[in-house]
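Protein sequences appear in the order of chains B and W. Note that the first sequence covers residues 1 to 217 in the working numbering. Note that the second sequence covers residues 1001 to 1217 in the working numbering. Just so you know, even glycine gets a beta-carbon here, dropped at the ideal spot from N, CA and C. Here the structure is a predicted model, which is why all the values come from computation and not from measurement. Working notes, beginning with the structure itself.
There are 2 protein chains.
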Amino acid sequence: MTRSETARPRPYGGLADKRRSILTGALTVFARDGYSRASIDAIAAQAGVSTRTIYNHFGDKAGLFQAVIQESASRAAEAQIAIIDRHLGKIVDLEADLVEFGEALTGPMSAEHAEHFSLVRQVNAEAGHIPQAAVDAWQETGPLRVRRALAARLREIAARGLLRIDDADIAARHLMLLISPAEPSYPGAPVSPEEITRLVTAGVRAFLHGHLPRRDR
Amino acid sequence: MTRSETARPRPYGGLADKRRSILTGALTVFARDGYSRASIDAIAAQAGVSTRTIYNHFGDKAGLFQAVIQESASRAAEAQIAIIDRHLGKIVDLEADLVEFGEALTGPMSAEHAEHFSLVRQVNAEAGHIPQAAVDAWQETGPLRVRRALAARLREIAARGLLRIDDADIAARHLMLLISPAEPSYPGAPVSPEEITRLVTAGVRAFLHGHLPRRDR
DNA sequence: TCCGATTTACAACCATCGTTGTACTAATTA
DNA sequence: TAATTAGTACAACGATGGTTGTAAATCGGA
C-alpha cells in the first residue's frame, strides 16, 4: 500500500550489474566527499539503488570502501600500464617518446580517471583508519604494479644502451615524479595543454640527463 | 551545585595561551582523524579546554580548521626555509651539500613536523570542501613560499656557475620531488636512515645531472 | 580585595547517519 | 506457471556530533 511513483529504475531490464552500479556510484561519492562525509544514502542515490542492496553486497561501509579502492586501483593501473606498453615498448627517439608518454599519462588518462586520483588522495589521508592489509593490497594492485611495469621497460631500454640505470625502481619513481605536473590541492587542474607540455618536457629532460649513459651526456 | 571534581585544569596559572593550546591540540586531532572524523569534543579534550572556549575563539569548526592550517603551514615553512638557508647559503661541495640538505629535510624535520604533513594530506583530500581563498592562502604561506626560497638559492648557485638552470621554479620543484622518499600512504615511514640516505643521494644525483652546466657533465 | 573578562560545566536541540528488520515486488529459473 | 532469488521502500533504533544558551567559577589586573 505504501507503494508510490518514485524511482522507476532503469527503463531497460538491466540487473545483476547492480554491483557494478554501486561500485561506480560509490567511487564518485567517495572521491568527491571522502569516507566520512560520504553517506550510504548519497551513494545509493548516485548508483540508482536502494541502501539495503548496498549492505547485501558489501556488508558495511568499510567493506564497500575497500572494494571501491581495489576496483579503482585495478582499473587505473591497467590503463597506466597500457600507456606504458604503448609508448615505451618500441623506442625510436627516447626523449620524444618519453615526452609523449608523459603527456599521455598526465593528460587524457588523468582526466578520464580523475575520480580515481581523487580517491587516492582520500586513501592517503585515511590510511591511518584503514586496515593495514587493505592498504597493502591496494599498493600492490595499484602503484607498485605500475611502477614495476615501468621499471621493466626502463630496464629494457637500458639494456639497449639508451639509458644508464643503477636501480630501475628508483629510476621509475623519479620518472613518475618528474612527469606529474599536478598540484595535488587543485583537483580541477587548471593547467593548459601547453603548460603540461612544458612541465613534462622539463621533467623528461631532467630525468634523461640524470640517467643517460655517459657517452650521450 | 552540579560542580564536581573532574578536570583540575593546569596546575600552573597559564592562561591566554588557551588559543595556542587549542591550535596545537586541534592540529593533533585533525592530522590524525581528518576534518570530518575529528570531533570538537576530542579536540577540546586534547587541548585541555572546554568546547565553548573553542567556539568563542574560532567561531565554528571550519574556522578552527582554517586557522590550524594557516598556523601549521607557517611554522613548517619557517622550519623548511631555515634548513634551506643553512645548507644552501654557503656551498662548498654541491653534491654533498645537497645530500645533507635533503637528509635534513626528510629526516629530523619531517619527524618533528609529522603532524603537519599528515594535515597536508588531509587538506589535499579535503580541498574540494574548503573555500578556495583558504586553499590559496595556505599555498601562499606554505608550499609556494618554500619553493620560492629554494628557487632563489638555486638561482644564486646557478649564478656562480655551479648549476645550469632555465626555470628556477621548475628546478626547485624537481629537487623537492626527488629528495622526498616517503610513500605518502605510510605515515609512520618505516624507512631506515640508510634507506633515506640512499634515496636522497639517488635523487640528488638525478637532479644534479639534470641541471649541471655542460662542462661538468 | 574587588571588577570585568575569560573559561567552564552542563544541558538541550536538531540534524545526520550507519545499520537492521520486514513485508512487498520484480526478476530469474525450473 | 510456480518457486526461488534479488531488489525496494519504509520505518525504526541508537549513536554521534555541531552548536548555542546559561549560570557558576576562575583569573588578571586595578
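Within the region 1025-1056 of chain W, the residues whose Cβ lies closer than 9 Å to any Cβ of chain B are, in chain order, ARG1032, ASP1033, GLY1034, TYR1035, SER1036, ARG1037. Closest option to SER21 (chain B), judged by alpha-carbon separation, among B:THR201, B:GLN139, B:VAL49: B:VAL49. Residues of the region 121-132 of chain B that bring their beta carbon within less than 8 Å of a beta carbon in chain W comprise ARG121, GLN122, VAL123, ASN124, ALA125, GLU126, ALA127, GLY128, HIS129, in sequence order. Per the C-alpha coordinates, the member of B:GLY34, B:ARG164, B:ALA31, B:ILE170 positioned closest to ALA151 (chain B) is B:ILE170.
Take the alpha-carbon of ASP1033 (chain W) and the one of TYR1186 (chain W): they are about 15 Å apart. When secondary structure is reduced to three states using DSSP, GLU115 (chain B) falls in the helix class. The region 1088-1140 of chain W is shown to contain no whole beta strand (DSSP E) run of 3 or more residues.
Each of B:PRO193, B:LEU177, B:ALA159, B:LEU23 was checked against the Cα of LYS61 (chain B), and the nearest Cα belongs to B:LEU23. For the region 156-171 of chain B, the set of positions with a beta-carbon nearer than 9 Å to some beta-carbon of chain W reads ASP166, ASP167, ILE170, ALA171 in chain order.
Non-local beta-carbon contacts of ALA158 (chain B) in its own chain, meaning distances under 6 Å to residues more than five positions away in sequence, involve ILE165 in chain order. Rounded to whole angstroms, the gap between the alpha carbons of PHE1117 (chain W) and ALA1077 (chain W) is 11 Å. Taking a contact as a CB-CB distance under 8 Å, the pair LEU178 (chain B) and HIS1174 (chain W) counts as one, their CB atoms being some 6 Å apart.
The C-alpha of LEU1064 (chain W) is placed about 12 Å away from the C-alpha of SER1039 (chain W).
One alpha carbon belongs to ASP85 (chain B), the other to ARG153 (chain B), and they sit about 8 Å apart. By the rule that beta-carbons nearer than 9 Å mark a contact, LEU177 (chain B) touches chain W. For ASP167 (chain B), no alpha helix (DSSP H) encloses it, and the DSSP letter there is neither H nor E. Relative to LEU1119 (chain W), the option among W:GLY1107, W:GLY1142, W:THR1051, W:LEU1098 whose CA is nearest is W:GLY1142. Contact between the region 1096-1109 of chain W and the region 1189-1209 of chain W is present, with at least three C-beta pairs closer than 8 Å.
Here PRO181 (chain B) carries a coil assignment [DSSP, helix/strand/coil]. When 9 Å is used as the limit between beta carbons, ALA1206 (chain W) is near these residues of chain B: ILE170, ALA171, HIS174, LEU178, ALA206, PHE207, HIS209, GLY210, HIS211, in chain order. The criterion of a C-beta distance shorter than 9 Å is satisfied by LEU208 (chain B) and LEU94 (chain B). In the three-state reduction of the DSSP assignment, TYR186 (chain B) falls in the coil class, being assigned neither a helical nor a strand state. Not flagged as an interface residue toward chain B: GLY1102 (chain W), since no C-beta distance is shorter than 9 Å. Nearest CB-CB separation between VAL1135 (chain W) and chain B: below the 9 Å threshold. Beyond the five residues adjoining it in sequence on each side, GLY1203 (chain W) comes within less than 7 Å, by CB distance, of GLY1102, LEU1178, ILE1179 in the same chain, given in chain order. The DSSP-derived three-state label of VAL1049 (chain W) is coil. Not a single CB atom of chain B sits nearer than 9 Å to the CB of ALA1149 (chain W). Sixteen is the threshold: since fewer than 16 other Cβ atoms of the shown chains lie within 10 Å of the Cβ of PRO1193 (chain W), the residue is exposed. In the three-state DSSP reduction, ARG1160 (chain W) falls in the coil class, being neither helix nor strand.
Within the same chain, Cβ atoms closer than 7 Å to the Cβ of THR1051 (chain W) are found at ILE1040, ASP1041, ALA1044, the five residues on either side in sequence being excluded. By the 16-neighbour rule on beta-carbons within 10 angstroms, VAL1092 (chain W) is exposed. Under the Cβ distance rule, GLN80 (chain B) does not count among the residues neighbouring chain W, no pair being separated by less than 9 Å.
Judged by DSSP in its simplified three-state form, SER1074 (chain W) adopts helix. Scanning chain W for C-beta atoms nearer than 7 Å to the C-beta of LEU154 (chain B) yields nothing, as the closest lies near 13 Å away. The three-state secondary structure of ASP60 (chain B), taken from DSSP, is coil.
Of the residues assessed, GLU1126 (chain W) falls on the buried side of the cut-off, its CB having 16 or more other CB atoms within 10 angstroms.
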